[in-house]
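Structure, as structure tokens:
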Amino acid sequence: IPHISNCIEKKFIDKPITIYHAKVLGQFGRTIFLKDLCLRDNYEVPNDVECVILRNVDIKEGTKLMLNSACKYLNVEVQKGCIDVSKVEKLAKVVFFNCLPVCEGNLWRFSAKHKDCTDTSQKKRLELPNCIEDIVLEHVSVPKDTLLVVNEGYRNVAIIFSKGYFDLSKVKQLRKFKLLITEQSSTNIELTDLT
216 IPHISNCIEK KFIDKPITIY HAKVLGQFGR TIFLKDLCLR DNYEVPNDVE CVILRNVDIK
276 EGTKLMLNSA CKYLNVEVQK GCIDVSKVEK LAKVVFFNCL PVCEGNLWRF SAKHKDCTDT
336 SQKKRLELPN CIEDIVLEHV SVPKDTLLVV NEGYRNVAII FSKGYFDLSK VKQLRKFKLL
396 ITEQSSTNIE LTDLT
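In short: position in the sequence shown from 1, add 215, done, that's the numbering used here.
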């Protein structure tokens, strides 16, 4: 991978690095897979990459991972950092694994795991952006004082072994909904009124 190989020393630090960059047939196209690394400088995903998979990635404060306009699929396990989606019009599918961003316009900010907060009657709203068609929330913990809002543009929603309050009432054309829970998880879901 010439584009990444030339910048490994200055971009990634402190951890063993696993990087795959390949064309995967039957998926979303060219894929970049980043695992067990810390990004310490801004990095723009190459223009020919359609699928970005991040596993156990830290993005240093003040640094961004910038997605390109061709990106269609994003699978994220980010402990902390910022992903810039300003060039992305529509993501076909996004998987959040054990993490949840706070979306501030085109910047998705991730921080260390949310701590359980005191339950209040007035919940904060954490809205997922409309640029996503299919969403998978896997092992995600929504803080007790927060309501995670899935917006109207989503078509397929999967909530897998996640806990918290989820509002799907804005979704207009939900085609598929998948829910897997454990006995220990507390999951509340508000669905759209079908009447």
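Built from N, CA and C at the ideal position, the CB exists for glycine as well.
Using a Cβ distance threshold of 9 Å, Asp299 and Leu315 do not count as a contacting pair. Rounded to the nearest whole angstrom, the CA to CA distance from Pro358 to Ser401 is 11 Å. Phe248: member of the beta strand (DSSP E) spanning Gly244 to Leu254, first to last residue. Using a 10 angstroms sphere on the CB of Gly296, the tally of other CB atoms reaches 16 or more, which defines it as buried. Note on Thr397: under 16 other CB atoms within 10 angstroms of its CB, so exposed under the neighbour-count rule. For Cys318 and Leu343, the gap between their C-alpha atoms comes out near 7 Å. Secondary-structure assignment with DSSP links Cys314 through no beta bridge to anything. Bounds of the beta strand (DSSP E) holding Gln294 are Tyr288 to Asp299.
Comparing alpha-carbon positions, the option among Lys378, Asp349, Arg340 and Val351 lying closest to Leu363 turns out to be Arg340. Within its own chain, the residues whose Cβ lies closer than 8 Å to the Cβ of Leu254, once the five positions on either side in sequence are excluded, are Lys226, Phe227, Val272, Asp273, Ile274, Lys275, Thr278, Leu280 and Gly296, listed in chain order. The criterion of a C-beta distance shorter than 9 Å is satisfied by Asn313 and Glu353. In this structure, DSSP gives Asn371 an extended state, which the three-state scheme calls strand. Counted as a single uninterrupted DSSP element, the beta strand (DSSP E) harbouring Glu342 occupies residues Lys339 to Glu342. DSSP places Asp382 inside the beta strand (DSSP E), whose first and last residues are Gly379 to Asp382. Taking C-alpha positions only, Val293 is separated from Ile375 by approximately 18 Å. Lys391 counts as exposed, since fewer than 16 other beta carbons sit within 10 angstroms of its beta carbon. Contact check for Val355 and Ala373: beta-carbon distance about 11 Å, past the 8 Å limit, so the pair fails to qualify. In the structure shown, Ser356 falls within a strand segment according to DSSP collapsed to helix, strand and coil. Assignment of beta-bridge partners to Phe325 by DSSP yields Gly296.
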